[in-house]
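Heads up, the numbering used here is the position in the sequence shown plus 18, with the first residue counted as 1.
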Amino acid sequence: MKLKATVAYHGSGFHGFAVNNDVRTVAGDLQRALLQVFGTPITVTCAGRTDRGVHGRGQVISLDVPDTAEPGRLERSLNGLCGPEIVVRDMQRVDDDFDARFSAKWRRYRYQVMRGVHPDPLRAATAWHVWVPLDVGAMNEAATHLLGEHDFTTFCKRPKVPEGMPDKTLVRNVFEASWVEGEDDLLEFWVQARAFCHQMVRSFVGTLVDVGAGRYEPDSIPQMLAAKDRTAAGQVAPPHGLTFWEVRY
């Protein structure tokens, strides 16, 4: 039986989502809990891998379980074994051809920036504290240049490929990229695309913060894209402000 589950997690204690036998990961904890429940290994497939320290609110996983499993009961069992750091927010049976990764139409992330001279200890684990003044208008103007289909080599960590194999394409289509001002000097960056490259969102955020701080002009983004060189962009934002927000199927 194929199940689909929406998973939330606080990423601070994990070395990313994907299983890594040497360190603690979100998928590793889930699969250990599933082994405890069923007594047999169960592999989970995710909609998008997240890096060390990145959080999830609407991460989606798919998994094959014995036909005797009851989704509601399994959801409660996993939350008892993995909560509160990992919580299954919803679990349901789906068609056998569903795949959390390949069936997704788009993915959406949120990044939080906390402005002000003094950091906020209550948001320290989920927002990047930036104390310099930021021009949000300039940041949004710059973000418009990221919309549409581009080769985002400048804003991605190039994946390793076996020797003799062609490089993987870093062309992506971005549907949304904008900053929203919240309460208490909180800024939120929302970005949506069918798929993302490694560290793409954090590179967007770091560069746009550099624009807001006056280090780059808003119209410098097209030149950065054209360079296809990661050194042409600004800083990479730290992982703890990023949350994998939702997936649409």
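We treat Cβ as the ideally placed atom computed from N, Cα and C, and that holds for glycine.
Quick caveat, the model's predicted, so the values are computed rather than measured.
Problem - Residue of Pro177, Val135, His28, Leu48 minimising C-alpha distance to Asp203 - result: Val135
Handout entry: Counterpart residues of Gln130 in DSSP-defined beta bridges
Key = Glu206
Practice task
Thinking Ala251 and Thr172 are a contact (beta carbons under 8 Å), I'd like their distance in whole angstroms, please.
Solution key: 5 Å
Handout entry: CB contact flag (Val112, Thr24, <9 Å)
Key = no
Exercise for the section: Assess, as a yes-or-no matter, whether the stretch 31-39 is touched by the stretch 59-70 under the definition of 3 or more beta carbon pairs within less than 8 Å. Expected result: yes
Exercise for the section: Could you pull the start and end residues of the beta strand (DSSP E) that Gln110 belongs to? Expected result: 104-111
Problem - Integer Cβ distance of Phe170 from Met218, believed to fall under 8 Å - result: 6 Å
Problem - Own chain residues within Cβ distance below 7 Å of Asp47, not counting five before or after - result: Cys100, Ile104
Handout entry: Inter-residue Cα distance where the pair is Leu165 and Val55
Key = 44 Å
Problem - Simplified DSSP assignment, three categories, for Thr63 - result: strand
Problem - Buried versus exposed call for Asp228 [16 or more other C-beta atoms within 10 Å across all chains shown] - result: buried
Handout entry: Identified DSSP bridge partners for Thr24
Key = Val78, Asp108
Exercise for the section: With DSSP collapsed to three states, give me the class of Leu260. Expected result: strand
Handout entry: Buried or exposed (CB count within 10 angstroms, at least 16 for buried), Gly98
Key = exposed
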